[in-house]
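For this note's numbering, count along the sequence shown from 1 and bump the result up by 334. A short worksheet on the structure shown next.
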Amino acid sequence: MTSLQLALFQQQKSKALLTQAQQAAFSYIDTISEQRVFPNSSEIEKLGIFDESLPNKTSDPALVMDLLKTIGSPNTVAQTGGRYFGFVNGNALPVTLAAKWLSDIWDQNAALDVMSPIASKLESICETWLQQLFDLPENTVAGFVSGTSIATLSGLAAARFRQLQKLGWDVNQQGLFAAPKIRLVLGKQTHGTVAKAISLLGFGQRSIEWVDCDTQGRMLVEKIPQLDNSCILVLQAGNVNSGAFDNFTEICELAKKARAWVHIDGAFGLWAKATNTFSKQTKGMQLGDSWSVDAHKTLNTPYDCGIVLCKDSEALTNALHQQGSYIQFSEKRDGLLYTPEMSKRARAVELWAAMKYLGRSGISELVEQLHIHANLFASLLAENEFQVLNDVVFNQVILRYKTEQLTQQILTLVQQSGECWCGGSIWQEQRVIRISVCSWATTEQDVRRSVKTFVAARNQVLGKQS
Ligand SMILES: Cc1ncc(COP(=O)(O)O)c(C=O)c1O
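Given below as structure tokens:
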């Protein structure tokens, strides 16, 4: 045994490092609700300690962990605390963290059933539960990926395979160079990750036909060009700024008649299907061909938990197919058939844990609560002269205060406050403040406390006493 092995076996046996991690984690949890939501500049300066050259020798692993605790923890954004409203960042439910901790110890590779029967089993269960929860066609399959970016890439790869096949072209064998033209039909408010996927798939941005949107960011149905079987449409369940949902029923019917493929980007909004509250918004969502969604957003699992869903299993598995002399496929589920990557961690463990724990009613309550808090934010801020620019149909609120300049100044102060954090965006060509309520931990009190921060920032900008 080498001296390194000896040291590693000792570390494994003593569990001292895990105990150290547990203590650091527990103290983080215990202080999170009062931690600054964004670190202050003096903490950020301390990150300089990481600027060193690669060590020549092994060191004390306890010191490695200590650096993470003392410098790392204060330099996190406190998005697990209830007053973080940036991007569309969720917050891991306790049961999902616990499940992930255990699965980290298992360190499974979820590529094949023979590599991890438990990962394969839980992927199958999650696939069925998601199909049922979202009311998707019965033959829908799921691939467990890092996030919606890769889920969308996968869904569009399936679409590329199928649409080209309809035009008499096998993209796997013949490539794209002399392929028939594929038309990509996207709303002007489509999320940036879709255009990225389109580039990665070799279509080029010039194959996109951009469709005008209404004031909420929904594709205008009457502006959709004449469709045919060379078309791939991308719709949205949840506009990243306004939270708006496209008109799925009408658009999918048009697409179906033309034999066009519909992919629905439902990164955070697909979960709206889990409750009747949003039945107007989600109507017809099941009529798509493929969908992308993140469990690490609305469902509040830890990060790295995206899902591609596709009703055309053959197209998805052909698009992502893989061979190898050493690969041992099974009669059961082999996860690599449904994802671009081969090796991957067992993400379905925490997804399963979330759904098993919450059940239908818990998922529904979680989603509705985000909406209730977004509405509360909007009404309290409106009472304080902020202008709410979107219909708050889900968990997103877009705001301005009188002018772009005042809006920007208020946003800067809110971000510096450490009390809460939200981002900015551009909406209808104006700089706006953008609030996304995406954490299970946000309470009514958190919203009220955050609104006070907004009002104090507004007063400071206007030179008034708070
Ligand atoms: C509508 C939409 N699509 C795609 C994405 C990208 O998701 P991910 O960061 O998981 O790749 C987001 C992220 O917020 C989103 O809101």
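Note that beta-carbon positions come from the ideal geometry of N, C-alpha and C, so glycine has one too.
The beta carbon of proline 395 lies closer than 7 Å to those of Gln345, Leu351 in the same chain, with the five residues before and after it left out. The DSSP-derived three-state label of methionine 689 is helix. Beta-bridge partners assigned by DSSP to aspartate 646: none are found.
The beta-bridge partner set that DSSP reports for glycine 758 consists of Ile767.
Serine 576 has its CB no nearer than 8 Å to any heavy atom of ligand 1.
Residue range 565-570 is occupied by the beta strand (DSSP E) that includes glutamine 570, with no alpha helix (DSSP H) assigned at that position. C-alpha of tyrosine 691 to C-alpha of proline 428: approximately 10 Å in a straight line. In this structure, the alpha-carbon of glutamate 778 lies about 9 Å from that of isoleucine 706. Ranked by Cα distance from serine 375, the first of Leu740, Glu717, Gly752, Ala712 is Gly752.
Cβ-Cβ distances below 6 Å link glutamine 662 to Val448 in the same chain, with the five nearest sequence neighbours on each side left out; the list follows chain order.
For glutamate 368, no alpha helix (DSSP H) encloses it, and the DSSP letter there is neither H nor E.
One Cα belongs to leucine 388, the other to glycine 406, and the distance between them is close to 18 Å. Not one heavy atom of ligand 1 is found less than 8 Å from the C-beta of alanine 589.
In the structure shown, the three-state DSSP call for methionine 619 is helix.
Taking a cut-off of 5 Å from the heavy atoms of ligand 1, the residues with a C-beta inside it are Val422, Gly481, Thr482, Ser483, His525, Thr527, Val574, Asp599, Ala601, Asp628. CA-to-CA, the gap between methionine 689 and glutamine 466 works out to about 12 Å. For leucine 487, there is no enclosing beta strand (DSSP E); the residue is part of the alpha helix (DSSP H) that begins and ends at 482-500. Of the candidates Thr365, Pro674, Ile641, Leu381, Pro674 places its Cα closest to the Cα of glutamine 656. Apart from the 5 residues on each side of it in sequence, glycine 757 sits with its Cβ closer than 7 Å to the Cβ of Gly420, Phe421, Arg768 in its chain, given in chain order.
In the structure shown, methionine 553 falls within a strand segment according to DSSP collapsed to helix, strand and coil. Leucine 340 and serine 348 have their alpha carbons spaced roughly 12 Å apart.
Between glycine 603 and glycine 577, the gap from beta carbon to beta carbon is short of 9 Å. Counting C-beta pairs closer than 8 Å gives three or more between the region 484-504 and the region 554-565, which meets the contact rule. Per DSSP, valine 727 lies in no alpha helix (DSSP H) and is assigned neither H nor E. Valine 642 sits away from aspartate 623, with the two beta carbons spaced by 9 Å or more. Following the DSSP letters along the chain, one finds aspartate 562 in no beta strand (DSSP E), marked with neither H nor E.
The Cβ-Cβ distance between alanine 492 and glycine 669 does not fall below 9 Å.
DSSP places glutamate 675 in the coil class of the three-state scheme, outside both helix and strand.
Residue pairing from DSSP leaves arginine 694 without any beta-bridge partner.
Nearest neighbour of phenylalanine 728 by Cα position, chosen from Ala601, Ala687, Ser759, turns out to be Ala601. Exclusion of the five residues before and after aspartate 638 leaves Ser480, Gly481, His630, Arg679, Arg681 as the residues of its chain whose Cβ lies within less than 8 Å of its Cβ.
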